[in-house]
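Numbering (this note's numbering), first residue to last: 1 to 471. Note that beta-carbon positions come from the ideal geometry of N, C-alpha and C, so glycine has one too. Comments concern the structure below.
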Amino acid sequence: MYLYNSLSHKKELFTPNSSDVVKMYTCGPTVYHFAHIGNLRTYIMEDVLEKALRYEGYPVKRVMNITDVGHLASDADTGEDKMLKGAKREHKSVMEIAKYYTDAFFADCDKLNIKRPDVVQPATGCIPEFINMVSGLLDKGFAYVAGGNVYFDTSKLEKYYVFNDHNEDDLAVGVREGVEEDPNKRNKNDFVLWFTKSKFEDQALKWDSPWGVGYPGWHIECSGISMKYLGEDLDIHCGGIDNAFPHHTNEIAQSESYLGHKWCNYWFHVHHLNTDTGKMSKSKGEFLTVSLLESKGYSPMAYRLFCLQSHYRRNLVFSWENLDNAQTAYDKLIARIAALQDDGTVDTAVFDKLKERFVGALNGDLNTSLAVTAVYDVLKEKTNDGTKLAALRDFDRVLSLNLLEAAQQLQEKQKQEAEASADPEIDALVARRTAAKKERNFAEADRIRDELKAMGVEIIDTPQGTKWRKA
Ligand code: AMP
Ligand code: ZN
């Protein structure tokens, strides 16, 4: 599989460190509010990546953190802890907020068929691991204590901006705009590993540490949790593109300084879902959630299809019109699959040819829109329905669009509707009319049609036979 690696800025043939398992780490949600559908775009595309790897025979171990402490209002370590902000907004404790929004996040993931990672670890459960890592960084001279906080010293690195060669000042401005500089920092890019002193004395969750009572920085949690469950090397690290700087840049800085060697080989970044007014953001207040889409009559599968129809490395613009199109496309797709009759036989040569196209799409840097086209190719293929259904079932292991389940539900609904409207008297009249037509007794056929009309029944002649409906 070829994947674009943000670290090398190139598509590379994916080769895991070991054939035993692909080690995959995902930055999890900050659970101070519902996930918006932009966040969920990232998790959908990461889910497809994980499933594509498994589909192609790689065993995968995937770990995700839950950010329930330390993510401040600005990614540049200033402002209030987002969790505390959420707790104040809802007059609840930080832990209550964390539990509520963690459950809500996984409920959304279930609706969108996003598989739960093998390990899900809230940051508050790994404080000793973070303290250990911060101590190691201090021992190795990569960190310093100033004003009560522990900072990572970026001047000790040969290269800090690993993902981009942009002008450092330009990059920093995006994060720091409108934010007070921290006078404790020796270098402008230094970041907090452990807070004991912050402007916000009412930080709810605090733990004892060698540097005083405090709490971890946001970046250290992903390095600490990844190392706890996946060891000293990682194959793939995932996240939204906004995480590349400063979060992932800082994760690499501290992890590689701590370990003394390269940490992660592939960086997979999903680009943003935007609205026509710009980036979708939880802190902007009003934002789109899965529940909101459902309340407007859209199915979560239509949103998943909408995401799959575009490449993960392109920004995707959300509009209701685009979602309408995805919903229509999904409904039509399911109706076409529902019309297939499983004859139980599979033409393996045709199946393999269809699968080759699908795998080719995945292997070309996870080209999901081409993978969706491969689904339509199956429907267009001149082969028996059993082969088509087998291919669709197989592809849906990766796409997770409920293709066969939704088609079966539709078939059942259609059957129930037919049964509910069944009427033996009308059926008998329609059959007599058909027989009359066959005998070329058109006068009798017309008389029966008029009789039915008088009963409020309309006749529809179709290539598949005569149907009727109550007018
Ligand atoms: P957060 O809950 O804010 O920590 O973000 C969870 C994930 O969503 C991270 O991987 C972010 O990079 C990603 N993300 C944030 N905003 C967007 C967006 N508008 N579109 C896609 N992904 C996003
Ligand atoms: Zn992270």
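Counting C-beta neighbours from all protein chains within 10 Å, is the total for Tyr-266 16 or more, i.e. buried, or is it exposed? As a first step, residue 266 is located in the sequence shown; it is residue number 266 there, counting from the start. Buried, because 16 or more other Cβ atoms sit within 10 Å of the Cβ of Tyr-266.
What are the complete alpha helix (DSSP H) segments, minimum 4 residues, inside the stretch 316–388? Runs of the alpha helix (DSSP H) lying entirely within the stretch 316–388, each at least 4 residues long, are 320–338, 348–363 and 368–380 in chain order.
Ala-329: which of Val-430, Tyr-312, Asp-342 and Met-301 sits nearest, CA to CA? Residue numbering aside, residue 329 sits at position 329 when the sequence shown is read from its first letter. It is Met-301 whose Cα lies nearest to the Cα of Ala-329.
Is the closest heavy atom of ligand 2 to the C-beta of Cys-27 under 6 Å? Within the sequence shown, the letter at position 27 stands for residue 27. Yes, the beta carbon of Cys-27 sits closer than 6 Å to at least one heavy atom of ligand 2.
Tell whether a beta-carbon distance below 7 Å holds between Ala-87 and Val-94. Here residue 87 is taken as the residue at index 87 of the sequence shown, counted from 1. Here residue 94 is taken as the residue at index 94 of the sequence shown, counted from 1. Yes, Cβ-Cβ distance for Ala-87 and Val-94 is below 7 Å.
I'd like the ranges of any beta strand (DSSP E) spanning at least 3 consecutive residues and lying wholly in the stretch 40–68. For the stretch 40–68, whole beta strand (DSSP E) runs of length 3 or above, ordered along the chain, are 60–66.
Using 10 angstroms around the beta-carbon of Lys-438, count the other beta-carbons present and answer buried if the total reaches 16, otherwise exposed. The count along the sequence shown starts at 1 and reaches residue 438 at position 438. Lys-438 is exposed by the Cβ-count criterion.
For Gly-465, list the residues DSSP reports as bridge partners. Within the sequence shown, numbered from 1, the residue matching residue 465 stands at position 465. Answer is Thr-462, bridged to Gly-465.
With a threshold of 8 Å, are at least 3 pairs of Cβ atoms found where one atom belongs to the stretch 215–231 and the other to the stretch 109–116? Contact fails between the stretch 215–231 and the stretch 109–116, because fewer than three Cβ pairs, one in each stretch, are under 8 Å apart.
Three or more C-beta pairs closer than 8 Å, one from the stretch 46–54 and one from the stretch 73–85: is that the case here? Touching, no, given that fewer than three Cβ pairs across the two stretches are closer than 8 Å.
Just how far apart, CA to CA, sit Gly-231 and Met-24? Looking up residue 231 in the sequence shown gives position 231. Looking up residue 24 in the sequence shown gives position 24. About 11 Å.
Does Trp-73 come out as helix, strand or coil in the three-state DSSP assignment? In the sequence shown, residue 73 corresponds to position 73, counting from 1. The residue asked about is misnamed: residue 73 is Ala in this sequence, not Trp. DSSP places Ala-73 in strand when its eight states are reduced to three.
Can you tell me whether Gly-212 is helix, strand or coil according to DSSP? As a working mapping, residue 212 is identified with position 212 in the sequence shown. Coil at Gly-212, not helix or strand.
Hey, out of Ser-281, Val-21, Gly-456 and Ala-428, whose CA is closest to Ile-37's CA? Within the sequence shown, the letter at position 37 stands for residue 37. Taking each of Ser-281, Val-21, Gly-456 and Ala-428 in turn and checking the Cα distance to Ile-37, the smallest one comes out for Ser-281.
Start and end residues, beta strand (DSSP E) containing Lys-11: Looking up residue 11 in the sequence shown gives position 11. Boundaries of the beta strand (DSSP E) harbouring Lys-11: 10–13, taken from the DSSP string.
Kindly indicate which residue of Lys-296, Leu-293, His-237 and Asn-189 has the alpha-carbon position closest to the one of Pro-246. For this step, residue 246 is matched to residue 246 along the sequence shown. Among Lys-296, Leu-293, His-237 and Asn-189, the Cα nearest to that of Pro-246 is on Asn-189.
For the alpha helix (DSSP H) containing Phe-130, name the first residue and the last one. Here residue 130 is taken as the residue at index 130 of the sequence shown, counted from 1. That run of the alpha helix (DSSP H) goes 127–139.
Within 8 Å, do at least three Cβ pairs link the stretch 450–459 to the stretch 407–421? In short, these stretches do not touch, since the Cβ pair count stays below three.
Considering only C-alpha positions, which residue in the set Ala-431, Asp-461, Val-63 and Pro-463 is nearest to Ile-448? For the purposes of this step, residue 448 is taken as the residue at position 448 of the sequence shown. Shortest Cα-Cα distance from Ile-448 to any of Ala-431, Asp-461, Val-63 and Pro-463 involves Ala-431.
Closer than 6 Å: is that where the CB of Cys-222 sits relative to any heavy atom of ligand 2? The residue labelled residue 222 in the question sits at position 222 within the sequence shown. Judged by the Cβ position, Cys-222 qualifies as a neighbour of ligand 2 at the 6 Å threshold, a heavy atom of the ligand being closer than this.
Beta carbon of Tyr-160, beta carbon of Asp-153: below 7 Å? Mapped onto the sequence shown, residue 160 falls at position 160. Mapped onto the sequence shown, residue 153 falls at position 153. One thing to note: Tyr-160 has its Cβ no nearer than 7 Å to the Cβ of Asp-153.
Assuming Leu-193 is part of the alpha helix (DSSP H), what are its boundary residues? The sequence position of residue 193 within the sequence shown is 193, counting from 1. For Leu-193, no alpha helix (DSSP H) segment is defined; the enclosing uninterrupted segment is the beta strand (DSSP E) at 191–195.
Inter-stretch contact at 8 Å, needing at least 3 Cβ pairs: the stretch 412–431 / the stretch 379–386: No, they do not touch.
Does Thr-473 pass the burial test, meaning 16 or more other C-beta atoms within 10 Å, or should it be called exposed? Residue 473 is absent from the structure shown; the chain starts at 1 and stops at 471.
Span separating the alpha-carbon of Ala-428 from that of Ser-400: The count along the sequence shown starts at 1 and reaches residue 428 at position 428. The count along the sequence shown starts at 1 and reaches residue 400 at position 400. Approximately 44 Å between the Cα atoms of the pair.
What separation, rounded to the nearest whole angstrom, lies between the Cα atoms of Ile-337 and Ala-361? Working through the sequence shown from its first residue, we reach residue 337 at position 337. Working through the sequence shown from its first residue, we reach residue 361 at position 361. Taking the straight line joining both Cα atoms gives about 21 Å.
Rounded to a whole number of angstroms, what is the C-alpha to C-alpha distance between Ser-310 and Arg-41? Looking up residue 310 in the sequence shown gives position 310. Looking up residue 41 in the sequence shown gives position 41. Whole-angstrom Cα-Cα distance: 11 Å.
Euclidean distance between Cα positions of Arg-313 and Ala-371: In the sequence shown, the residue the question calls residue 313 occupies position 313. In the sequence shown, the residue the question calls residue 371 occupies position 371. Their Cα atoms are separated by approximately 15 Å.
Based on the DSSP output, what are the partners of Ile-236 in its beta bridges? Stepping through the sequence shown from its first residue, residue 236 is reached at position 236. Bridge partners of Ile-236: Met-24 and Tyr-266.
Return the bridge partner residues of Ile-143 from the DSSP annotation. Reading the sequence shown from its first residue, position 143 is the one you call residue 143. Looking at the sequence shown, residue 143 is not Ile but Ala. According to DSSP, which records beta bridges pairwise, Ala-143 is partnered with Phe-152.
Does the beta carbon of Gln-203 sit closer than 7 Å to a beta carbon anywhere in chain D? Protein chain content of the structure displayed is limited to a single chain, and chain D is not contained in it.
Three-state secondary structure (DSSP) of Gln-411: Position 411 of the sequence shown, counting from 1, holds the residue named residue 411. Gln-411: helix per DSSP, three-state reduction.
Helix, strand or coil for Val-120 per DSSP? Residue numbering aside, residue 120 sits at position 120 when the sequence shown is read from its first letter. Val-120: strand per DSSP, three-state reduction.
What residues in its chain sit with their C-beta under 6 Å from that of Glu-177, if we drop five residues either side in the sequence? One-based indexing of the sequence shown puts residue 177 at position 177. Low local confidence applies: a pLDDT of 49 at Glu-177 is under 50, so the model's placement there is unreliable, with the coordinate-based value given in what follows. Apart from the 5 residues on each side of it in sequence, Glu-177 has no Cβ closer than 6 Å to any other Cβ in its chain.
Inter-residue Cα distance where the pair is Ile-236 and Cys-264: Along the sequence shown, read from residue 1 onward, the residue named residue 236 stands at position 236. Along the sequence shown, read from residue 1 onward, the residue named residue 264 stands at position 264. For Ile-236 and Cys-264, the distance between alpha carbons rounds to 6 Å.
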